[in-house]
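Taking it in order: structure first as structure tokens, then the write-up.
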Amino acid sequence: MADIHVEEFYKDVAVALVQLYGAFPRRINLFVEDISGPDQPDEFGLHSKRHMACFGALLWLSEEGLLRYVDTIRQEALDQVVLTRAAFVRLSSTAPRALVDQLAPASSDADLPPSVLQDRSTRINLLRAAIRSGRSSQIALAVQSAFFSEG
């Protein structure tokens with residue numbers, strides 16, 4: 001990908017969704033710095049473009065119906081955040097086998113019980129694997145598969 005802001009968007013979305021899924025159904029505070037890294041506001045108290053892009057990504061997730069929150073905490077966090085039903089169901093669903101093989105190949109799947117294999121092929125686990133890989137292309141593919149494609 002050539003557009004760094006889009007790569008950062010996908011990473012921010014993936015990290016936020018993994019955090020929210022891990023806490024589901026509890027409501028949590030979602031801090032921008034926990035997702036995009038530390039930020040030092042300038043002498044006027046304005047956050048960096050990177051920080052504001054992450055904050056914008058979180059607001060966008062809400063506008064698109066993937067999360068709900070009670071309020072913002074200035075521009076540092078969303079207060080009392082939880083995944084929507086649609087996001088939870090989508091993240092819990094099984095991804096297409098070809099995508100699982102591409103994003104989370106396992107060397108010894110034959111020895112695993114079917115329930116473990118099914119769990120490893122959920123969209124949330126693909127997001128986790130993509131984040132662990134650190135590769136922007138894998139993170140983008142996992143996020144796109146989770147929310148921007150029909151399959």
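Be aware that the sequence shown starts at 1, since it is given in UniProt numbering, and climbs by one per residue.
Think of the CB as a built atom: it goes at the ideal place given N, C-alpha and C, for glycine as much as any other residue.
These numbers were taken from a predicted model, which means no experiment stands behind them.
Taking 8 Å as the threshold (C-beta atoms), are residue j and residue i in contact?
i: VAL89; j: ARG27; result: no
i: THR94; j: LEU67; result: no
i: GLY65; j: ALA86; result: yes
i: ARG123; j: ALA146; result: yes
Can you give the Cα-Cα distance for residue i and residue j, rounded to whole angstroms?
i: GLN80; j: GLN19; result: 13 Å
i: MET1; j: GLN144; result: Legend: pLDDT at MET1 = 49, less than 50; position of this residue unreliable, value from coordinates given subsequently. Whole-angstrom Cα-Cα distance: 13 Å.
i: LEU99; j: GLY45; result: 43 Å
i: SER136; j: GLU7; result: 6 Å
Tell me which same chain residues have a C-beta within less than 8 Å of the C-beta of residue i, skipping the five on either side of it?
i: ASP97; result: It should be noted that the sequence gives Arg, not Asp, for residue 97. These residues qualify, in order along the chain: SER121.
i: GLY39; result: The question names Gly, yet the displayed sequence has Asp at residue 39. So the list reads VAL32, GLU33, HIS47, SER48, ARG50, HIS51, once near-sequence residues are dropped.
With respect to the beta strand (DSSP E) encompassing residue i, which residues constitute its N-terminal and C-terminal limits?
i: ARG126; result: Arg is not the amino acid found at residue 126; the sequence shown has Leu there. It is not in any beta strand (DSSP E) - LEU126 instead sits in the alpha helix (DSSP H) that spans 123-133.
i: LEU83; result: 77-83
i: LEU30; result: 28-31
Below 7 Å CB to CB, which residues in the same chain sit around residue i once its five sequence neighbours on both sides are set aside?
i: ALA77; result: ASN29, LEU30, PHE31, VAL32
From which residue to which residue does the alpha helix (DSSP H) around residue i run?
i: GLN19; result: 4-23
i: ASP101; result: 97-103
Which whole-angstrom value describes the C-beta separation of residue i and residue j, a residue pair presumed to lie in contact below a C-beta threshold of 8 Å?
i: LEU58; j: ALA16; result: 6 Å
i: CYS54; j: ILE35; result: 5 Å
If I measure Cβ to Cβ from residue i and keep anything under 6 Å in the same chain, skipping five residues before and after, which residues do I get?
i: ILE131; result: ALA14
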